[in-house]
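These notes concern the structure reproduced below.
Chains as they are written, first to last, in the numbering used here: chain F, 13 to 219; chain E, 13 to 219; chain S, 13 to 219; chain A, 13 to 219.
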């Protein structure tokens, strides 16, 4: 057939490059959003006060950077299996990047305001949407004939779904909790990335 | 001949890498331009007011991000067919990137001012120039002997021209309309990207 | 010999990737530095006034963007011939990038101040140093045994030197002229990039 | 075994691309943080005063840019030997990038405040943590079976460790010295990068 001959490969490599660029910028932007205070004098006390002032921002920076790092890892992993793209897959990717680019903003929103339901809601919602859109992209990709570059073991499929969807669930709990105990939500935001650092079932497929 | 022996390939891969970087930065910058309001207190009402305040900016962000995503897709697609470059082709590419880098600015200009003819004109003109410069690059590339990496079916050529040139036409209508009904122009800016999300004749050439 | 066996290739590809990233960010930053005025009302007159206000900045943006585009092209071309690197070549590259990253700053410095000797000096010096450091890198690379990936025709060598060094000469004239006729310097800054857009002797080596 | 068949290669190329992007952005951001003064009039005296004002910032920019350049080189070199990754290696990489992204901030902190113990401490600590996290990543990588792409000569291993760890030691001395002689610390910050520019034992392995 005519179409068959002209069919494009549309390999995923360019989309990965765009994604790497977006993550690189978003991660660096996270740091710019931090505002170091100006030191009025050279005393030790002024420095310690300034350090205390920036501590919450620094904590938010560390959490968001690790979360973005983990998302980048997830984003990187889906392309170990998916090697081709089409228009819809790319638009799902753009949707995911749209959420990722908002993370520096919602991080600053969390850091610069008093701890409260509103900022925790925005931050948690943002992170949840990142995970959900990435999961949509993954789901679409693995179910599209001809996209898979290598066999996807059922265990990987199941564990990946768990790892993509556990965060939105936990973040929803954090948002609900924040109505009464906003500090508990922060503890959850700190603890969640640790879930992704402990060994899991997929490690045996990695070098 | 001497020149033949020393002739360079000048493959397009580096230009694509520059373009991916520029799109990645421009997309992330879009988000930085959003200014989240500072919350005066922790009341639900303050949060809702703040959310209402940022809503127009957020809408502009979403529109521009999707438009940039579609342009990136177009930019990515032309290199499925064009695999070589020369000085003029690269300078046309620089011209396209020059327009793309202005999108975060004209988006902010639209978001931060009252809805009016001037800002809609700037925004619509910017997006139109993006499409037109990309179309010039595409036209130059496909008509230059030896640039094509694979056969370009006439249907693809025709449909691509349509997809490149439909936006500037629609945006011109939006600009003219804005003299009387600026809200209608915004509706057009929201609706235009959807044109690129529905199935089209080129989908059958994709995986 | 032991060292021979362990000798690294140190291909130039990573340095090119870093450079593409730096150019992509610097080009986009150029645009952010532009400050669009806030429109006080929706009248046609306000818009025209605002447009007049931003015109010099916009012109500086266009000049700098094209200049960066030409430099990127030069930077891209040297890697058509040079395929390997070592520590010194990479440090010369870092020096070049250090100058490139300052271009958005000196552009804003030129745009935001009244036209005068000082700003023209800074801008012209910055662009000259970009060209000179790139020329040092090129010179070092083509004279280092084993760096060349393909034969370098004497004509290319001579023409490349001319193209690298003509700008610093012209920019020096512009700086000197600015002591008496700062407007003439701007004309020179506008005209110089055009030198690189007209056909030259190297075009016959390109596709 | 089932796992063997499904084992991923997880090549390091994507992590390198993310790193190149992060370095490119961080380097460019360094420059944006410089604030050029506005010139009140066009006199020679105003220009010289402005130049004197920006000189410390410019010096900090040059030091930090060169330091980031050297770190990028180190980061680039480890991937000459290490060609594969796993989750832990990537998370160590994210930790390194987290430190790199803070360099523009601590540079500005050093440049914008009076010379004192506090800012030198933050700057020195930041640079030391960059080197230490990169060293952790390197150590983990070369000791993990199957990660090495080529034989690692014992001399390279020893010299690399020296080059990774000498900076944190020197920076610690600079921090301690700053309690009494902050100017001496700046001299050390200027001199340390030079250590990496002089010939060393690894040069014989490079082209």
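All C-beta atoms, glycine included, are put in the ideal place defined by N, C-alpha and C.
Could you give the residue range of the alpha helix (DSSP H) that holds residue 45 of chain F?
Reading the first chain from its first residue, position 33 is the one you call residue 45 of chain F. That run of the alpha helix (DSSP H) goes 25-45.
Determine, using beta carbons only, whether residue 95 of chain F and residue 151 of chain F come nearer to each other than 8 Å.
Stepping through the first chain from its first residue, residue 95 of chain F is reached at position 83. Stepping through the first chain from its first residue, residue 151 of chain F is reached at position 139. Not closer than 8 Å, so no.
Restricting to Cα atoms, I'd like to know which of S:164, S:35, S:131 is closest to residue 108 of chain S.
As a working mapping, residue 108 of chain S is identified with position 96 in the third chain. Distances from the alpha-carbon of residue 108 of chain S to those of S:164, S:35, S:131 put S:35 closest.
Do residue 144 of chain F and residue 180 of chain F come within 8 Å of each other at the CB atom, strictly closer than that value?
What you label residue 180 of chain F is simply residue 168 of the first chain in a count that begins at 1. What you label residue 144 of chain F is simply residue 132 of the first chain in a count that begins at 1. Yes; because the gap between Cβ atoms is below 8 Å, this pair is in contact.
Kindly identify the DSSP beta-bridge partner or partners of residue 96 of chain E.
By 1-based counting over the second chain, the position of residue 96 of chain E is 84. As computed with DSSP, residue 96 of chain E is found in a beta bridge with E:23.
Quick one: what's residue 160 of chain S bridged to in DSSP?
The residue you call residue 160 of chain S lines up with position 148 of the third chain. The beta-bridge partner set that DSSP reports for residue 160 of chain S consists of S:94.
Fully enclosed by the segment 106-148 of chain A, which alpha helix (DSSP H) runs are 4 residues long or longer?
Look at the segment 106-148 of chain A and you find these whole runs of alpha helix (DSSP H), each 4 residues long or longer: 115-124.
Against chain F, with Cβ distances strictly below 8 Å, would residue 81 of chain A count as a contact?
Position 69 of the fourth chain, counted from the first residue, corresponds to residue 81 of chain A. No, its Cβ sits nowhere closer than 8 Å to a Cβ of chain F.
Spatial neighbours of residue 214 of chain A within its chain, please: C-beta separation below 7 Å, excluding the five flanking residues on both sides.
As a first step, residue 214 of chain A must be located in the fourth chain, where it is residue number 202. If we look at residue 214 of chain A and ignore the five residues flanking it on each side, its Cβ neighbours are 168, 171.
Since residue 91 of chain A and residue 110 of chain S should fall inside the 8 Å C-beta cutoff, what is the C-beta to C-beta distance between them, to a whole number of angstroms?
Reading the fourth chain from its first residue, position 79 is the one you call residue 91 of chain A. Reading the third chain from its first residue, position 98 is the one you call residue 110 of chain S. Under the criterion of beta carbons closer than 8 Å, residue 91 of chain A and residue 110 of chain S do not qualify as touching, at roughly 23 Å.
Is residue 62 of chain S near residue 51 of chain S, with beta carbons less than 8 Å apart?
Mapped onto the third chain, residue 62 of chain S falls at position 50. Mapped onto the third chain, residue 51 of chain S falls at position 39. Contact flag set, yes.
Please compile the residues from chain A whose C-beta is within a distance smaller than 9 Å of the C-beta of residue 126 of chain S.
Within the third chain, the letter at position 114 stands for residue 126 of chain S. Within 9 Å Cβ-Cβ: 51, 53, 54.
Expressed to the nearest angstrom, what Euclidean distance is found between the alpha-carbon atoms of residue 83 of chain A and residue 115 of chain A?
Within the fourth chain, numbered from 1, the residue matching residue 83 of chain A stands at position 71. Within the fourth chain, numbered from 1, the residue matching residue 115 of chain A stands at position 103. Distance between residue 83 of chain A and residue 115 of chain A, taken at the CA atoms: about 11 Å.
Local Cβ density within 10 Å of residue 203 of chain S, reported as buried at 16 or more and exposed below that
Against the third chain, residue 203 of chain S aligns to sequence position 191. Exposed, since its Cβ has fewer than 16 Cβ neighbours within 10 Å.
Residues near residue 182 of chain S by beta carbon distance below 7 Å, same chain, minus five either side
What you label residue 182 of chain S is simply residue 170 of the third chain in a count that begins at 1. If we look at residue 182 of chain S and ignore the five residues flanking it on each side, its Cβ neighbours are 200, 204.
Between which two residues does the alpha helix (DSSP H) harbouring residue 175 of chain E extend?
Position 163 of the second chain, counted from the first residue, corresponds to residue 175 of chain E. Going by DSSP, residue 175 of chain E is part of the alpha helix (DSSP H) stretching over 166-189.
Closer than 8 Å at the beta carbon, the chain A residues around residue 159 of chain S
Your numbering for residue 159 of chain S matches position 147 in the third chain. Within chain A, the residues whose beta carbon sits less than 8 Å from that of residue 159 of chain S are 219, listed in sequence order.
Is residue 93 of chain E near residue 162 of chain E, with beta carbons less than 8 Å apart?
By one-based count along the second chain, residue 93 of chain E stands at place 81. By one-based count along the second chain, residue 162 of chain E stands at place 150. The answer is yes: Cβ separation under 8 Å.
Contact set between residue 34 of chain F and chain E, taken where Cβ atoms lie within less than 8 Å
Here the question's residue 34 of chain F lines up with position 22 in the first chain. Result: 36, 39, 40.
With the cut-off set at 8 Å, would you say residue 89 of chain E and residue 113 of chain F are in Cβ contact?
In the second chain, counting from the first residue as 1, residue 89 of chain E sits at position 77. In the first chain, counting from the first residue as 1, residue 113 of chain F sits at position 101. Taking 8 Å as the cut-off, the Cβ atoms of residue 89 of chain E and residue 113 of chain F do not count as close.
By how many angstroms is the C-alpha of residue 138 of chain S removed from the C-alpha of residue 67 of chain F?
Within the first chain, numbered from 1, the residue matching residue 67 of chain F stands at position 55. Within the third chain, numbered from 1, the residue matching residue 138 of chain S stands at position 126. Spanning the alpha carbons of residue 67 of chain F and residue 138 of chain S requires a straight line of approximately 38 Å.
Can you pull the chain E residues whose beta carbon is under 9 Å from the beta carbon of residue 85 of chain S, in chain order?
The residue you call residue 85 of chain S lines up with position 73 of the third chain. Under the 9 Å cutoff, chain E gives 99, 102, 103, 106.
C-beta neighbour in chain F for residue 162 of chain A, strict 8 Å:
Taking the fourth chain and counting its residues from 1, one reaches residue 162 of chain A at position 150. Chain F contact via Cβ: absent.
Just checking: is the beta-carbon of residue 89 of chain S within a distance shorter than 8 Å of some beta-carbon in chain A?
Locating residue 89 of chain S in the third chain gives position 77, where the first residue counts as 1. Closer than 8 Å: no.
Check the Cβ of residue 165 of chain E against every Cβ in chain F and list those closer than 7 Å, keeping chain order.
The residue labelled residue 165 of chain E in the question sits at position 153 within the second chain. Result: 18.
Could you check if residue 29 of chain S is buried or exposed, using at least 16 other CB atoms within 10 Å of its CB as the buried criterion?
Here residue 29 of chain S corresponds to residue number 17 of the third chain, with the count starting at 1. Buried, since its Cβ has 16 or more Cβ neighbours within 10 Å.
May I ask you to report which of helix, strand or coil DSSP gives residue 218 of chain E?
Here residue 218 of chain E corresponds to residue number 206 of the second chain, with the count starting at 1. In the three-state reduction of the DSSP assignment, residue 218 of chain E falls in the coil class, being assigned neither a helical nor a strand state.
Could you confirm whether any beta carbon from chain A is found closer than 8 Å to the beta carbon of residue 150 of chain F?
Mapped onto the first chain, residue 150 of chain F falls at position 138. With 8 Å as the cut-off, residue 150 of chain F does not count as an interface residue toward chain A.
Does residue 109 of chain F come within less than 8 Å of chain D when only Cβ atoms are used?
Among the protein chains of the structure shown, namely F, E, S and A, there is no chain D.
Got a sec? Which residues, its chain only, sit under 7 Å from residue 48 of chain A by beta carbon, not counting five neighbours each side?
Mapped onto the fourth chain, residue 48 of chain A falls at position 36. Shown here for residue 48 of chain A: same chain residues with a beta carbon closer than 7 Å to its own, the five before and five after excluded, namely 66 in chain order.
Residue of E:142, E:98, E:198 minimising C-alpha distance to residue 129 of chain E:
Position 117 of the second chain, counted from the first residue, corresponds to residue 129 of chain E. When only C-alpha atoms are compared, the closest one is E:198.
Residue interval of the alpha helix (DSSP H) (run including residue 209 of chain A)
For the purposes of this step, residue 209 of chain A is identified with residue 197 of the fourth chain, where counting begins at 1. Where residue 209 of chain A is concerned, the enclosing alpha helix (DSSP H) stretches over 194-209.
Going by beta-carbon coordinates alone, are residue 148 of chain E and residue 117 of chain E separated by less than 8 Å?
Here residue 148 of chain E refers to the residue found at position 136 of the second chain. Here residue 117 of chain E refers to the residue found at position 105 of the second chain. Not in contact: residue 148 of chain E and residue 117 of chain E (Cβ atoms no closer than 8 Å).
Secondary structure at residue 50 of chain F, three-state DSSP: helix, strand or coil?
Working through the first chain from its first residue, we reach residue 50 of chain F at position 38. DSSP places residue 50 of chain F in coil when its eight states are reduced to three.
Interface residues of chain S facing residue 44 of chain A [CB-CB closer than 9 Å]:
For this step, residue 44 of chain A is matched to residue 32 along the fourth chain. Result: 41, 44, 45, 113, 116, 117.
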